[in-house]
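All remarks here apply to the structure that follows.
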Amino acid sequence: MNASDIFPVNETSPTRDRDFFIIGGLYIFITLSGIIGNTIVILAVVFSKALRTACNVFIVNLAVADLLTCLVLPLYVLAFWTDYRPYLDKVCFAALSVSYTTIGCSIYTLASISVIRYFLIVSPSKNYYTAVTKPGVFVVWISLVWIIPIFVTLFPPVVFDIGELAFDAKPHACQPHTRHPRTDLYNSLIVYAYYPVPLVILLLAYSGILVQVMRHRRPMSNQITTPSTSSPQRLFSIFFSVDSNPSNLGHRRPSRSRLAMQLKITRNMFIIFLAFIVCLTPHAVCHILHCKRAKFYAKAFVLFNSMVNPLLYGISHPQFRKAFADALRST
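Under my numbering, the first residue of the sequence shown carries the number 160, and numbering increases by one thereafter.
What follows is the structure, encoded as structure tokens:
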């Protein structure tokens, strides 16, 4: 497959091509929304001492990775909307290197958060949760979340001559260059490293949480409502915060409000998993089916994940919302 299969070369200027204007407009929208959302999450941690915990490192790491992704998207738009200049080769190498790395980091951070939540909610004791939240373990874990995408992104083209990150003239875009004989292999490495593995981790972790929710559903339905610690807000924070006490989940007095919150937990869990599927599956399918024009739109869906993540993991969290509101009032 060559570049002309993705975007047919015609007599019109690439800067006037309708698809490039649409995709470029989507990138600008993702850039602005993602910068605002991810900055809010980071500022919430900066201004709130209560949020400066070891476990929230993953939330901040996710926001930083997504913020960096959004910051380099204008470089893609530059390639879409301008005529070729020699500097575009370096611009595209930088844009592709950063975005592929940060997207991979974001995806593996999502998988890491699901594992932490699994230990928090499902583990019958504090042992597993305490073990995975030790500072030394966190340093290694966060390092691997960055090292793996860096290795997958840069080592194949730079060290092993698999693919080439550059400006591709025929589709007039930043992408692995189609003239390289092993570009298809490089694209496959990216897709399979960033989709099936994190997908399996997310599926197993959230399935385990769902089983735990359903297991507690029957006892809760037979109990009388007891307020205070069993409030919907409290259970919401249990699921959305990786810093709650893991022993509390199974030992608080059941209530009907907790039963109702189980449905909310299940819904939120489904939304988190669905966002991953919706954003990443089109690109994986397009790669397998060798899509033509749709492939560039599918890549835009991947980038939407960087805009959606702060909504799911930060802004929707009551503590993050409160922290940011306090920060605004103090400025």
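Glycine residues also receive a C-beta, built at the ideal position from the N, C-alpha and C atoms.
- Residue pairing for Leu324: DSSP places it in a beta bridge opposite Pro335.
- Taken through DSSP and simplified to helix, strand or coil, Lys454 comes out as helix.
- Taking 8 Å as the cut-off, the Cβ atoms of Thr190 and Thr260 do not count as close.
- The three-state reading of DSSP puts His449 in coil, since its state is none of H, G, I, E or B.
- If you check the CB distance, Ala238 and Ala352 do not come in under 8 Å.
- Between Ser265 and Thr241, the C-beta gap is not smaller than 8 Å, which leaves the two residues out of contact.
- Under the 8 Å Cβ criterion, the segment 309 to 326 counts as touching the segment 341 to 352, having at least three qualifying pairs.
- In the DSSP assignment, Tyr353 falls within the alpha helix (DSSP H) that extends over Thr342 to Tyr353.
- The shortest CA-to-CA distance from Ala253 to any of Phe326, Thr198, Ile306 and Gly263 is the one to Phe326.
- Around the beta carbon of Phe429, a 10 Å sphere encloses fewer than 16 other beta carbons of the protein chains shown; the residue is thus reported as exposed.
- In the three-state reduction of the DSSP assignment, Ser465 falls in the helix class.
- Inclusion of Cys438 and Phe460 in the CB contact set at 8 Å is warranted, their separation being smaller than that value.
- In the structure shown, Ser256 adopts helical secondary structure according to DSSP, grouped into three states.
- Straight-line measurement puts the Cα of Leu324 at about 5 Å from the Cα of Pro335.
- Of all alpha-carbon atoms in Ala328, Phe217, Pro308 and Phe297, the one lying nearest the alpha-carbon of Ser273 is that of Phe217.
- Counting the other CB atoms within 10 Å of its CB gives Gly193 a total of 16 or more, which places it among the buried residues.
- As the crow flies, the alpha-carbon of Gln371 is around 15 Å from that of Leu361.
- Per DSSP, Val317 is not a residue of any alpha helix (DSSP H), being assigned neither H nor E.
- Straight through space, the alpha carbons of Ala482 and Tyr472 are spaced by roughly 14 Å.
- Within the same chain, Thr260, Gly263 and Cys264 come within 6 Å of Pro308 by CB-CB distance, once the 5 residues on both sides are set aside.
- Inclusion of Phe278 and Tyr365 in the CB contact set at 8 Å is not warranted, their separation being larger than that value.
- At the C-beta level, Phe479 and Val296 stay beyond 8 Å of one another.
- Of the candidates Val281, Ile275, Pro316 and Phe314, Ile275 places its Cα closest to the Cα of Ile301.
- Between the C-alpha atoms of Tyr243 and Ala328 there is a straight-line separation of about 7 Å.
- Check the Cα spacing between Ser465 and each of Ser258, Lys451, Asp485 and Pro316: the tightest is with Ser258.
- In the three-state reduction of the DSSP assignment, Lys249 falls in the helix class.
- Inter-residue distance for Gly196 and Arg374 is about 35 Å (C-alpha atoms, whole angstroms).
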